[in-house]
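In our numbering, the protein residues as written are 15 to 433. Note that CB positions come from ideal geometry on N, CA and C, so glycine has one too. Note that the structure is a prediction, hence the values are computed from the model and not measured. Structure first, commentary second.
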């Protein structure tokens, strides 16, 4: 904890604000979203297809709009979309607790999703600019705040649910409202770089990013890492439920806690250790290999073992979270480096959109493999495929590095001008 506090104090005030901001965002989001489906199907009595529609609209309006959010940030500066996103989520979360018609719920869900598309690329681009040549350390510390919000959010939400789901929504909305005020007072107002995105047409911005071949190759190579990380929400909970029955829910909750705890407790140490030993590309490759190896214990464990399965799941989550913790700050830093310090938010926006599409496709394939495994008692096939995904990603990143595609174009992003 002392090390974290020292690290935080070493950054400029704007970086500290962005980290506190991300903690608040995740705290409010995860105190509400895990319980939304139960509210829609239980208290409101919506059919399963309608619940899926509401949740799907939120995901699509966020993942599908990241490029738009990044483009807005590069044209108008970072502060405005960060504030607008938090304000929009304030309204969206408040509506989710007080409306009961399907059209209104869909509109509220779309608002919360687009809010994330507005502030996510802007936050990461602003963090990269403000941190300067300490981007890796900044993103590592940022991830500690990110994971801490994920860890505490469901707990706070569960406590608030004792009163009412509407109360959860009001508190979550109040958090986003407070964040909007914090950003208004504390974040620096910035223009885009001289001669940069503010004078470009939107299509010109997009063509510039799409023409960045090394960046596109890197975004494609890293799709698998996002698919692997998402398995804590898909393959691992389904396996726990299938193998352990009623105990599966408790084990799944424990997996989420372990995942966040590994990131919160180990992120700074892992990043410092990796920086001292490896180049950024080497850290990425080794982190991806660790993420792939995370699924091997499950491939070697009998599916019906009441002790072996929880142990294998625990080992998988620890390895997966540790590998992701090693990978994340170098991944974010590489995006900035490949952008050449220009249109940073647009690069982040497209990167997130590519990742979201990859996760969707990867989840479809993983789900199909799990169905096949259930019918034919061949769960090892799913875990072998996920392990192979990690190795293929590592090989792809290694190949890009050897070919010189990950070479840094600038030591740090171009500083934006103060308004």
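| Check | Outcome |
| --- | --- |
| List the endpoints of the continuous alpha helix (DSSP H) containing residue 296. | 294-307 |
| Using DSSP with H/G/I as helix, E/B as strand and the rest coil, what is residue 286? | helix |
| Determine the DSSP secondary structure at residue 208, reduced to helix, strand or coil. | Confidence at residue 208 is low in this model, with a pLDDT of 44, below 50, so its placement is unreliable and the value that follows should be read with caution. Residue 208: coil per DSSP, three-state reduction. |
| Looking at the structure shown, is residue 356 part of a helix, part of a strand, or coil, going by DSSP? | coil |
| Can the beta-carbon of residue 332 be found closer than 8 Å to that of residue 276? | yes |
| Answer yes if the stretch 292-307 comes into contact with the stretch 358-375, meaning at least three C-beta pairs across the two stretches below 8 Å, and no otherwise. | no |
| Since residue 352 contacts residue 330 with CB under 8 Å, what's their CB separation in whole angstroms? | The pair is not a contact, with the Cβ atoms about 31 Å apart (cut-off 8 Å). |
| In chain order, which continuous runs of the beta strand (DSSP E) of length 3 or greater are located wholly inside the stretch 44-116? | none |
| Taking Cβ to Cβ, would you say residue 363 is nearer than 8 Å to residue 135? | yes |
| Excluding the five sequence neighbours on either side, which residues of its own chain have a C-beta within less than 7 Å of the C-beta of residue 265, listed in chain order? | 254, 258, 324, 327 |
| Is the Cβ-Cβ distance between residue 21 and residue 282 less than 8 Å? | yes |
| Look up residue 151 in the DSSP assignment and say whether it is helix, strand or coil. | helix |
| Which runs of the alpha helix (DSSP H) fall wholly inside the stretch 348-420 and span at least 4 residues, in chain order? | 358-390, 393-416 |
| What first and last residue would you give for the alpha helix (DSSP H) that runs through residue 13? | No statement about residue 13 is possible, as the shown extent of the chain runs from 15 to 433 and does not include it. |
| For residue 203, is the classification buried or exposed, using 16 other Cβ atoms within 10 angstroms of its Cβ as the cut-off for buried? | exposed |
| Is the beta carbon of residue 50 less than 8 Å from the beta carbon of residue 86? | no |
| Would you give the residue range spanned by the alpha helix (DSSP H) that residue 196 belongs to? | 179-200 |
| If you run the structure through DSSP and keep just helix, strand and coil, what is residue 36? | helix |
| Measuring alpha carbon to alpha carbon, tell me which residue in 310, 32, 391 is nearest residue 152. | 32 |
| Should residue 218 go down as buried or exposed, given a rule of 16 or more other Cβ atoms within 10 Å for buried? | exposed |
| Give every residue of the same chain whose Cβ lies closer than 8 Å to the Cβ of residue 397, excluding the five residues on either side of it in the sequence, and list them in chain order. | 309, 310, 312, 313 |
| Does the stretch 363-378 come into contact with the stretch 239-250, if we say contact requires no fewer than three beta-carbon pairs (one atom in each stretch) closer than 8 Å? | yes |
| Less than 6 Å between C-beta atoms, sequence neighbours within five positions excluded: which residues of the same chain meet that for residue 180? | 111 |
| So, for residue 163: in the same chain, excluding its five sequence neighbours on each side, which residues have a beta-carbon less than 6 Å away from its beta-carbon? | 37, 40, 41 |
| In three-state DSSP terms, what is residue 276? | helix |
| I'd like the span of the alpha helix (DSSP H) that includes residue 223, first residue to last. | 216-224 |
| Out of 145, 319, 391, 334, state which residue places its alpha-carbon closest to the alpha-carbon of residue 355. | 145 |
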